[in-house]
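**Q** Structure below; questions to follow.
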Amino acid sequence: MPEGPGSCGKPNFQRSGPAALGEFELISKFFDFAQSTSAAWPSQGIGDDCAFLDVGALRIAVTSDMMALGTHFFEDAPPYTVGRKALAVNLSDLAAAGSTPQAFFLSISLPEVNGLWLSEFSRGLKEESERYCCPLRGGDTVRSFVGLCGTQKYTVLSICALGSLPPGAGLTRSGAQTGDIIWVSGTPGDAACALGAKLGTWKCESRELSYFLSRLQTPTPRVELGERLLGVADACCDISDGLLGDLGHILERSDKSAELFWDEFPLSEAMRRMPEGVQKKCVLSGGDDYELLFTAPEEKSAQIKKISQDLNLRLTPIGRIDSKPRVCEESSEFGVSQSRVTVLDTAGRRIFAQPSFDHFHEKL
Ligand code: ADP
Ligand code: MG
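In structure tokens, the structure reads:
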């Protein structure tokens, strides 16, 4: 039953049970229809950054990511950057699957027609689309409900993007092997540092803030890297919710555990100037980086370093996949949680990190 106008966001079905679920429990409880596979277009099902659809001899990677005002971007975010990011986050999922972007569809829900905002938004979207040769092929436009619940604006941008893959190929979260090295691209944590500064959780100098903001507002989808990792990486995902949480998805789906070494983590120059507590919070648990996190056998390390040189992109080994599932219950300042990941500092002591972003649990 949909919420009707005038309900002011208070649906009749109350929050007993489902609201206590986290984002991923919610998805698996209500939307993992594992049995409904199509015989003509087989797929691996949900749980990866992209679904693969085998259509005849073609393999198509499909993803759908949404951006909501207030959740994914601030009202004062330049609309040009909102347009770029709306597509970039989807291209990032295509990259995590190792696929080549081919087309996207845009669905927008707007409270009003603001020509200035829309022209800047579409300029950013078009530029990103041209940069990655991923044309817009359709979508939907609706007016969202506004007015009866006060001044709260409700803008939601949803994109479905499609990429191509060689038949039978594609990176997933489920292929990590014992002994694999865990790699990350770029310098994770920078986007979360901007978010914390915007929310007043910590302060940054203006030079650093403008760098962090650029990473938050215009992330770089690692499309070429994803393509180059086909046949090299065993497992891959992008970092949208936080490094530990996203690595957790790889570990769960591969049924492994992992050890990470904090000293090996790549920090940007700007991040190095932040207090250590902020660094750990942003790098380990902050989201919105859209860097790739992948695992590969040790013997592929030279090949990965070559890819790093070719693309002029920092790729850093930060840990290793362990053989046995080592799910331990950990108790820390962040409460009791189950973790397959151990993060060690220089002295070999365990670092406890805040859980990653979950739309229905605590925020950064
Ligand atoms: P992504 O990196 O694409 O954002 P997530 O880790 O957030 O992926 O989501 C985990 C998996 O759950 C993905 O395979 C995603 O497609 C799927 N998923 C998320 N929301 C829904 C939904 N409402 N219905 C079906 N599948 C969903
Ligand atoms: Mg993703």
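Residues 8 to 371 in this note's numbering are what the sequence shown lists, from first letter to last. Glycine included, each C-beta is placed from N, C-alpha and C at the ideal position. Note that the structure is a prediction, hence the values are computed from the model and not measured.
#1: Can you list, in chain order, the residues of its chain with a C-beta nearer than 6 Å to that of serine 275? Leave out the 5 residues immediately preceding and following it.
#2: In its own chain, which residues sit with a C-beta less than 6 Å from the C-beta of alanine 176, not counting the 5 before and 5 after it?
#3: At a cut of 8 Å, does the stretch 172 to 186 reach the stretch 74 to 91 through at least three beta carbon pairs?
#4: Do you know how far the Cα of glycine 63 is from the Cα of glycine 157?
#5: Measure the C-alpha to C-alpha separation of threonine 349 and aspartate 245 and round it to an integer number of angstroms.
#6: Whole angstroms is fine: what's the gap from cysteine 200's alpha carbon to threonine 107's?
#7: Mind checking whether the beta-carbon of aspartate 295 lies closer than 7 Å to any heavy atom of the ligand MG?
#8: Around the C-beta of valine 120, are 16 or more other C-beta atoms found within 10 angstroms, so that it is buried, or is it exposed?
#9: Could you tell me whether any non-hydrogen atom of the ligand ADP is closer than 7 Å to the CB of threonine 70?
#10: Does proline 324 come out as helix, strand or coil in the three-state DSSP assignment?
#11: Under DSSP, the beta strand (DSSP E) around valine 290 begins and ends at which residues?
#12: Taking the straight line between their C-alpha atoms, what separation do you get for isoleucine 216 and alanine 110?
#13: How many angstroms separate the CA atom of valine 89 from the CA atom of phenylalanine 80?
#14: Judging by CA-CA distance, which residue of Gln224, Ala242, Phe359 and Phe128 is the nearest neighbour of glycine 294?
#15: Would you mind sorting arginine 372 into buried or exposed? The rule is 16 or more other CB atoms within 10 Å of its CB.
#16: Look at the Cβ atom of cysteine 382, then the Cβ atom of serine 71, and state whether they are nearer than 8 Å.
#17: With a threshold of 16 other CB atoms inside 10 Å of the CB of glutamine 286, please say whether the residue is buried or exposed.
#18: Provide the residue span of the beta strand (DSSP E) that contains valine 191, from first to last.
#19: Using three-state DSSP, classify glutamine 310 as helix, strand or coil.
#20: Would you tell me roughly how many angstroms separate the C-alpha atoms of glycine 145 and alanine 102, rounded to the nearest one?
#21: Under 7 Å from any heavy atom of the ligand ADP, does the C-beta of glycine 54 make it?
#22: Which of the three DSSP states is assigned to glutamine 109 in this structure?
#23: Put aspartate 352 into one of helix, strand or coil per three-state DSSP.
#24: How far does the alpha helix (DSSP H) with arginine 235 in it extend, from its first residue to its last?
#25: Go ahead and label serine 45 buried or exposed: buried means 16 or more other beta carbons lie within 10 angstroms of its beta carbon, across all protein chains shown.
#26: Give the range of the beta strand (DSSP E) segment to which aspartate 6 is assigned.
#27: Identify the continuous beta strand (DSSP E) that holds glycine 170 and give its terminal residues.
**A** Considering the structure as presented:
#1: Thr194 and Asp197
#2: Leu237
#3: no
#4: Only weak support exists for where glycine 157 lies, its pLDDT of 48 falling under 50; the coordinates are left without a value.
#5: 20 Å
#6: 30 Å
#7: no
#8: exposed
#9: yes
#10: strand
#11: Neither: valine 290 is in no beta strand (DSSP E) and is coded neither H nor E.
#12: For the sequence presented, residue 216 should be read as leucine rather than isoleucine. The straight-line gap from Cα to Cα measures roughly 34 Å.
#13: 7 Å
#14: Gln224
#15: Nothing can be reported for residue 372, as the shown portion of the chain is limited to 8 through 371.
#16: Because the chain in this structure spans residues 8 to 371, residue 382 falls outside the shown range and cannot be described.
#17: buried
#18: 188 to 192
#19: helix
#20: 21 Å
#21: yes
#22: strand
#23: coil
#24: 230 to 236
#25: exposed
#26: Here the chain covers residues 8 to 371 and nothing more, so residue 6 does not appear.
#27: 163 to 172
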